[in-house]
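The structure appears right after this line, and notes come after that.
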Ligand SMILES: *Cc1c(COP(=O)(O)O)cnc(C)c1O
Ligand code: SF4
């Protein structure tokens, strides 16, 4: 071996990768930092689905505030152990939609790839919290996609696709750009609002360097999730020419409130993000305490419409397993 190779320093990990590595996964530590009593979480819920919260998200949680809307999204609590027969481990029918390892198809002209199992933080209401799919391989995926007629859009999802390194992500995008009918590349990610340092010039280049129209669908549930750092990351995405949409989940005690939902849409558009979907909670085991009743949802929706222009009104949808589209709700 040549000396120059031996002496090479270890591959440097970027800022965002370090942040992901150092995300808090110890509830005692989290509660200590937030100056809350250590009894405030459930060890059993944590064992079922581990706490994960990166420091840049933690900064946005108020101290000594058990009802903080950002804390409620990530803290393992005893209510998660509540069993309800209408809540199951695969509420959106992902397993029956898997065509080849790591590829789901439910809807016409779109296919969804579960390219990563990792997320920047763990949302307690996650509809995939009980599922684990094998990662798709590039050659097998391309072979399958190539056989599909008029596939217009590939969605990279997971987990969070932005946990992949820039090189891996770029390899996927470059390969997908060779598919004859493909027009758009969509990425479902929670990174910009949780680890904003993920938005690097190299990532932006990878997302925009092919003919595919890049669309980022963010996941922001509450206006308090957007601070200065997140704002800067969003600006970069916008200036790179990436269309920004947001999907939120209607969550009891977090955003089931007219003022908060109005502010959310207003804050999003201020950052040039269009509200896309407001999901009715997927009935996943462990999330019963986040459920908003149908009558409350209908009242909220009705009120929200009287406060917002049409383009700031998210589509209220429910994902019904086996349905050919996400079902619009009132
Ligand atoms: C939610 C989902 C999509 C995206 O649906 P849109 O209505 O296009 O946003 C695509 N594929 C799968 C498998 C999904 O679960
Ligand atoms: S970011 Fe999405 S996939 Fe990841 S834990 Fe949250 S809801 Fe689940």
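In our numbering, the protein residues as written are 5 to 334.
C-beta atoms are modelled at their ideal positions from N, C-alpha and C, and glycine is treated no differently.
All figures in this text were calculated on a predicted structure; none of them were measured in a lab.
Span of the alpha helix (DSSP H) around residue i
i	result
residue 56	Residue 56 -> no alpha helix (DSSP H), and no H or E assigned at all.
residue 329	Here residue 329 belongs to no alpha helix (DSSP H), and DSSP marks it neither H nor E.
residue 218	Unbroken run through residue 218 is the beta strand (DSSP E), 217-223; no alpha helix (DSSP H).
residue 179	170-180
residue 35	31-37
residue 19	19-25
Three-state secondary structure assigned by DSSP to residue i
i	result
residue 102	strand
residue 6	Because residue 6 sits at a pLDDT of 44, beneath the cut-off of 50, its placement in the model cannot be relied upon, and the following sentence gives the value as read from the coordinates. Residue state, collapsed to three classes: coil.
residue 197	helix
residue 203	coil
residue 273	helix
residue 114	strand
residue 92	strand
residue 131	coil
residue 294	helix
residue 282	strand
residue 79	coil
Spatial neighbours of residue i in its chain, beta-carbon cut-off 7 Å, leaving aside the 5 residues before and after
i	result
residue 9	Interpretation of residue 9 is limited by its pLDDT of 44, a score under 50 that renders its predicted location unreliable; no figure is taken from the coordinates.
residue 331	321, 322, 324
residue 185	154, 155, 156
residue 309	317
residue 226	73, 74, 258, 259, 264, 268
Close beta carbons around residue i, own chain, < 6 Å, minus the five adjacent residues each side
i	result
residue 17	none
residue 80	45, 46, 49, 50, 55
residue 5	Only weak support is given to the placement of residue 5: the predicted model assigns it a pLDDT of 40, under 50, and the value that follows is read from those uncertain coordinates. Excluding sequence neighbours, residue 5 sits near nothing in its chain.
residue 67	38, 39
Residue i: CB within 7 Å of a non-hydrogen atom of ligand 1
i	result
residue 329	yes
residue 56	no
residue 111	yes
residue 107	no
residue 114	yes
residue 325	no
residue 96	yes
residue 159	yes
residue 66	no
Extent of the continuous beta strand (DSSP E) run through residue i
i	result
residue 189	188-193
residue 299	Careful: residue 299 lies outside any beta strand (DSSP E), inside the alpha helix (DSSP H) at 298-311.
residue 237	From DSSP, residue 237 is part of no beta strand (DSSP E) but of the alpha helix (DSSP H) over 232-243.
residue 250	247-253
residue 160	157-161
residue 289	Taken as a continuous stretch (DSSP letters only), residue 289 belongs to no beta strand (DSSP E), as it is neither H nor E.
Cut-off 8 Å between Cβ atoms - residues of its own chain near residue i, not counting five sequence neighbours on either side
i	result
residue 170	204, 206, 207, 210
residue 295	256, 285, 287
Residue i: CB within 7 Å of a non-hydrogen atom of ligand 2
i	result
residue 290	no
residue 162	yes
residue 51	no
residue 126	yes
residue 26	no
residue 202	no
C-beta neighbour in chain B for residue i, strict 8 Å
i	result
residue 96	Although the question refers to chain B, the structure presented lacks it and comprises just one protein chain.
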